[in-house]
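Residue numbers (the numbering used here): 1261 to 1669.
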């Protein structure tokens, strides 16, 4: 009888030890299985959101930039890498306070195909997109259970992760973010629940002893080599206010095409979406070199979307990297006759030295948090037919103004 009890106790001990071993190994096994499914080393355990952002970027081979607690990492693969059985074109990693916050996996899309010089008809693109969407859906459903479909987007909730496979007219995108809200929430509700908290933007304005007045905490975002300067600039702007949209969402909402974006039309469409939350768009008529008028927006902590000719942008980036208190005193450079239409954010000014600070999303400029240019050169690069655009948070007393006819950016 005593021997039997001893043997039973020994069996129980073995079971307990086995369970403890399983609990210790389970996160690693889970991560390994899911990484095998995705074909990329995304997870190191069962939760992505407590991982150090730089570690995630390293294991995914992403390059990036940081700015005051926010960081953005990206890598383009041009379809030469596979994920979930489909060609992967890009990975965008958004982070906050050193932790992974959101990943966007870009599959087949018209912008990347155009940058590679691959010409496809809309019918062929839709056929390939559908095939890849079905393949990815089958793989995810086979591992995570059946997804929920709503308005052309498939959702999977899995252990603190929300996976969304979105099929738009221009892209196939898988977004992975914290599973903290209902997958059937409306887009505007999702944006609210994803991080918008009312704050005083003026509190983010930094005033320096040399006269610089600069909006801080602008998220670093890269458009890659796609014609996404308008969506990427707006993504910076919206993320500054805590609204979680990415360039694919914005490109779809704003009507971006392979050739670029209709600047004014894009602002209008995005404005309609976020208008449900109380945000307003203002269209100032002044030139961006008018520092007195520009200060009215910057002093309130409101970035300004600017349509411009980017011919001098490489020189502005170069000179800004060695700027201390002001730019070197030199005659203004004049852009050539061939326009290079582009959009970026104005985030600061220096009235004493007559300079303007910019935030850019190109591969050249996104790693430089502040790009400084003289007000004279800013004036020469302004596109006068396009308005400046200022996004105002809820409870603003300033009513939106009407814009102008628009060009492709």
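We put the CB at the ideal spot given by N, CA and C, even for glycine.
(request) Select from 1473, 1535, 1602 and 1356 the residue whose C-alpha is nearest the C-alpha of residue 1643. (result) For the options 1473, 1535, 1602 and 1356, the alpha carbon positioned closest to that of residue 1643 is the one of 1602.
(message) Looking at the ligand FMN, does it come within less than 7 Å of residue 1545, judged from the CB to the closest heavy atom?
(response) Although the ligand FMN was asked about, the structure shown includes no ligands whatsoever.
(message) Give me, in chain order, the residues of the same chain whose beta-carbon lies closer than 7 Å to that of residue 1360; leave out the 5 immediate sequence neighbours on both sides.
(response) Non-local beta-carbon contacts of residue 1360 in its own chain, meaning distances under 7 Å to residues more than five positions away in sequence, involve 1308, 1309, 1311, 1313, 1316 and 1353 in chain order.
(message) Could you tell me which whole beta strand (DSSP E) segments of length 3 or greater appear in the segment 1513-1585?
(response) 1540-1542 and 1564-1569, all fully within the segment 1513-1585.
(message) By alpha-carbon positions, which one of 1653, 1462, 1570 and 1524 ends up nearest to residue 1624?
(response) Nearest C-alpha to residue 1624: 1570.
(request) Could you check what DSSP says for residue 1463 in three-state terms: helix, strand or coil? (result) Here residue 1463 carries a helix assignment [DSSP, helix/strand/coil].
(message) Let's see if you can read the secondary structure: which residues bound the alpha helix (DSSP H) around residue 1370?
(response) Boundaries of the alpha helix (DSSP H) around residue 1370: 1370-1375.
(request) Could you tell me if residue 1530 is buried or exposed, where buried requires 16 or more neighbouring beta carbons within 10 angstroms of its beta carbon? (result) So residue 1530 counts as buried.
(request) Pull up the DSSP beta-bridge partners for residue 1312, would you. (result) DSSP, once it has assigned bridges, lists 1359 as partnering residue 1312.
(message) Check for me: the alpha helix (DSSP H) holding residue 1384 runs from which residue to which?
(response) Start and end: 1382-1404.
(message) For the structure I just gave you, are there three or more beta carbon pairs, one from the segment 1584-1603 and one from the segment 1553-1560, closer than 8 Å?
(response) Output reads no: the segment 1553-1560 does not touch the segment 1584-1603.
(request) Give the secondary structure of residue 1640 by DSSP, where H, G and I count as helix, E and B as strand, and everything else as coil. (result) Residue 1640: helix per DSSP, three-state reduction.
(message) Check for me: the beta strand (DSSP E) holding residue 1333 runs from which residue to which?
(response) 1330-1343 is the span of the beta strand (DSSP E), which, as asked, contains residue 1333.
(message) Which residues does DSSP list as the beta-bridge partners of residue 1632?
(response) Under DSSP, residue 1632 shares a beta bridge with 1617.
(request) Compare the beta carbon distance of residue 1394 and residue 1368 with 8 Å and say whether it is the shorter of the two. (result) It is not a contact, given that the beta carbons lie outside the stated cut-off.
(message) Please state the DSSP three-state secondary structure of residue 1350.
(response) In the structure shown, the three-state DSSP call for residue 1350 is strand.
(request) Take the Cβ of residue 1483 as the centre, count every other Cβ of all protein chains shown within 10 Å, and call the residue buried at 16 or more, exposed below. (result) Looking at its Cβ environment, which holds 16 or more other Cβ atoms inside 10 Å, residue 1483 is buried.
(request) Give the single residue among 1586, 1577, 1634 and 1305 whose Cα lies nearest to the Cα of residue 1420. (result) Measuring from the Cα of residue 1420, the nearest candidate turns out to be 1305.
(message) Can you look up residue 1649 in the DSSP assignment and give me helix, strand or coil?
(response) Strand at residue 1649.
(request) Look at the alpha carbon of residue 1443 and the alpha carbon of residue 1404, and state the distance between them as a whole number of angstroms. (result) Summary for residue 1443: the model assigns pLDDT 39, below 50, so the residue's position carries little reliability; its value from the coordinates is reported in the next sentence. Approximately 15 Å, taken between the alpha carbons.
(request) Please determine, among 1469, 1573, 1486 and 1634, the residue with the shortest C-alpha to C-alpha distance to residue 1550. (result) Of the candidates 1469, 1573, 1486 and 1634, 1634 places its Cα closest to the Cα of residue 1550.
(message) In whole angstroms, give me the CA-to-CA distance for residue 1372 and residue 1579.
(response) Going by the C-alpha atoms only, they are around 31 Å apart.
(message) By DSSP's criteria, residue 1608 is part of a beta bridge. Which residues make up the other side?
(response) Under DSSP, residue 1608 takes part in a beta bridge, and its partners are 1474 and 1617.
(message) Would residue 1504 and residue 1362 be called neighbours here (beta carbons separated by less than 8 Å)?
(response) Cβ atoms of residue 1504 and residue 1362: closer than 8 Å.
(request) Pull up the DSSP beta-bridge partners for residue 1495, would you. (result) Beta-bridge partners of residue 1495 (DSSP): none assigned.
(request) Identify which residue in 1375, 1617, 1599 and 1370 has its Cα closest to the Cα of residue 1472. (result) Nearest C-alpha to residue 1472: 1617.
(message) At the level of alpha carbons, what is the spacing between residue 1441 and residue 1522?
(response) Residue confidence is low: residue 1441 scores 40 on pLDDT, short of 50, so the model does not pin down where it sits. No coordinate-derived value is stated.
(message) Measuring only the C-alpha atoms, how far is residue 1452 from residue 1537?
(response) Because residue 1452 carries a pLDDT of 40, less than 50, the predicted location of this residue cannot be relied on, and no value is offered for it.
(request) Within 10 angstroms of the Cβ of residue 1355, are there 16 or more other Cβ atoms? Answer buried if so, exposed if not. (result) In this structure residue 1355 is buried. Its beta-carbon is surrounded by 16 or more other beta-carbon atoms within 10 angstroms.
(request) Confirm, please, whether the CB-CB distance from residue 1342 to residue 1398 is below 8 Å. (result) Contact: no.
(request) Would you list the residues sitting across from residue 1598 in a DSSP beta bridge? (result) Answer by DSSP bridge pairing: none, since residue 1598 is not bridged.
(message) Classify residue 1350: buried if its beta carbon has 16 or more other beta carbons within 10 angstroms, exposed otherwise.
(response) Flag for residue 1350 reads buried.
(request) Report buried or exposed for residue 1621, applying the criterion of at least 16 other Cβ atoms within 10 angstroms of its Cβ. (result) By the neighbour-count definition (other C-beta atoms within 10 Å, threshold 16), residue 1621 is a buried residue.
(request) On a CA-only basis, which of 1641, 1575 and 1486 is nearest residue 1377? Give me that one, please. (result) A check of alpha carbon separations from residue 1377 across 1641, 1575 and 1486 identifies 1486 as the nearest.
(message) Check for me: the beta strand (DSSP E) holding residue 1436 runs from which residue to which?
(response) DSSP places residue 1436 in the uninterrupted beta strand (DSSP E) bounded by 1431-1438.
(request) Note down, in chain order, each residue of its chain lying with its Cβ closer than 6 Å to the Cβ of residue 1282, except the 5 sequence neighbours on either side. (result) With a pLDDT of only 37 at residue 1282, under the threshold of 50, the placement of this residue in the model should not be trusted, and no figure is reported.
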